[in-house]
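In the working numbering, the protein residues as written are 340 to 652.
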């Protein structure tokens with residue numbers, strides 16, 4: 340709810356930092372506008388200097404929202420590709436919401452991006468999946484494997500990109516066995532996220548019928564990937580993953596429980612919450628309210644921070 344009204348259908352949530360949720364109002368034709376909203380105080384502000392326009396020959400592929408600790412600045416990043424070509428270059432623009440100079444170009448996105456994706460904010464960076472350009476593979480190819488993918492990490496302070504390798508144990512695993520390839524990194528079925536403060540991979544393998552969760556225990560240290568969970572889907576009472584998505588939401592009870600949303604594609608509904616006790620290996624279930632179409636996990640901490648960042652010191 341914003342100003343007592345329900346969110347419009349064309350609002351997209353980009354993330355939350357310091358209790359301020361970033362929303363973008365997208366139109367079929369015309370520019371994007373960006374808002375900061377504090378759900379605790381119910382205050383919301385649209386930033387006129389953040390209005391995003393682009394040439395007709397370009398298409399907006401990816402967005403991201405984060406907080407730059409060095410400048411104490413809320414920033415939005417937009418990545419564009421050519422309408423026809425999928426090989427780049429992929430233009431990157433950044434906008435500091437507390438400045439009036441609007442958008443400016445930074446280093447091009449250094450990899451082949453998925454078609455659509457919201458950046459994952461963690462430790463002053465925004466993170467997306469991609470494929471190194473040197474591989475020359477289209478991310479819509481269903482036979483692409485995980486060793487052909489990287490996590491592209493943008494440092495919001497230096498405005499430079501770093502590419503991080505995925506766990507070497509996933510080498511040779513075909514992405515098409517994990518997810519519908521057009522959803523390689525979509526909001527609906529994320530492969531990359533933040534769980535318990537760590538950059539995480541959520542691998543629900545339709546071929547082996549296992550759910551695995553990998554975590555990077557030391558951020559940007561590729562050797563610190565650790566397998567947190569690897570469980571047979573039958574232990575969750577799931578016999579067929581063809582029409583299911585599993586989305587880890589959070590960890591609770593001193594990191595003993597993982598809360599997972601089960602979503603049924605064929606009926607377009609969230610139908611169950613799965614709570615897995617990692618210590619006792621027990622599974623419990625909670626039914627959801629009827630007609631709930633989707634749950635998208637975003638880490639949010641309540642605060643009294645004003646969305647009027649221009650007025651802040």
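For glycine and all other residues, C-beta sits at the position ideal for the given N, C-alpha and C.
Residue i versus residue j: straight-line alpha-carbon distance, rounded
{"i": "residue 381", "j": "residue 389", "result": "21 Å"}
{"i": "residue 462", "j": "residue 414", "result": "14 Å"}
{"i": "residue 564", "j": "residue 553", "result": "6 Å"}
{"i": "residue 508", "j": "residue 486", "result": "9 Å"}
{"i": "residue 542", "j": "residue 530", "result": "6 Å"}
{"i": "residue 639", "j": "residue 460", "result": "12 Å"}
{"i": "residue 416", "j": "residue 404", "result": "6 Å"}
Close-in-space but distant-in-sequence residues of the same chain around residue i (CB under 7 Å, 5 per side omitted)
{"i": "residue 503", "result": "489, 490, 492, 559, 561"}
{"i": "residue 513", "result": "482, 484"}
{"i": "residue 393", "result": "399, 419"}
{"i": "residue 343", "result": "Interpretation of residue 343 is limited by its pLDDT of 48, a score under 50 that renders its predicted location unreliable; the figure taken from the coordinates is listed afterwards. Answer for residue 343: no residue qualifies."}
Cβ-based burial, residue i [other Cβ within 10 Å; buried from 16]
{"i": "residue 521", "result": "With a pLDDT of only 43 at residue 521, under 50, the local geometry of the prediction cannot be trusted, and no value is derived from it."}
{"i": "residue 434", "result": "buried"}
{"i": "residue 371", "result": "buried"}
{"i": "residue 363", "result": "buried"}
{"i": "residue 510", "result": "exposed"}
{"i": "residue 576", "result": "exposed"}
Extent of the continuous beta strand (DSSP E) to which residue i belongs
{"i": "residue 424", "result": "Taken as a continuous stretch (DSSP letters only), residue 424 belongs to no beta strand (DSSP E), as it is neither H nor E."}
{"i": "residue 433", "result": "429-435"}
{"i": "residue 374", "result": "372-377"}
{"i": "residue 665", "result": "Any question about residue 665 goes unanswered here, given that the chain covers just 340 to 652."}
{"i": "residue 486", "result": "It is not in any beta strand (DSSP E) - residue 486 carries neither H nor E in the DSSP assignment."}
{"i": "residue 405", "result": "397-407"}
{"i": "residue 622", "result": "621-626"}
{"i": "residue 382", "result": "382-385"}
Contacts around residue i, its chain only, beta-carbon distance under 6 Å, and the 5 residues preceding and following it disregarded
{"i": "residue 636", "result": "588"}
{"i": "residue 570", "result": "550"}
{"i": "residue 534", "result": "587"}
{"i": "residue 386", "result": "373, 436"}
{"i": "residue 626", "result": "none"}
{"i": "residue 567", "result": "552, 554"}
Cβ-based neighbour list, residue i, same chain, cut-off 8 Å, excluding 5 preceding and 5 following
{"i": "residue 573", "result": "548"}
{"i": "residue 447", "result": "427, 428, 429, 430, 431"}
{"i": "residue 377", "result": "358, 359, 360, 383, 642, 643, 644, 645, 646"}
CB contact below 8 Å: residue i versus chain C
{"i": "residue 415", "result": "Going by chain labels, chain C is absent from the structure shown, which holds only one protein chain."}
Beta strand (DSSP E) runs wholly inside the region 499-577, at least 3 long, in chain order
The qualifying runs are 499-504, 531-534, 537-544, 549-555, 564-571.
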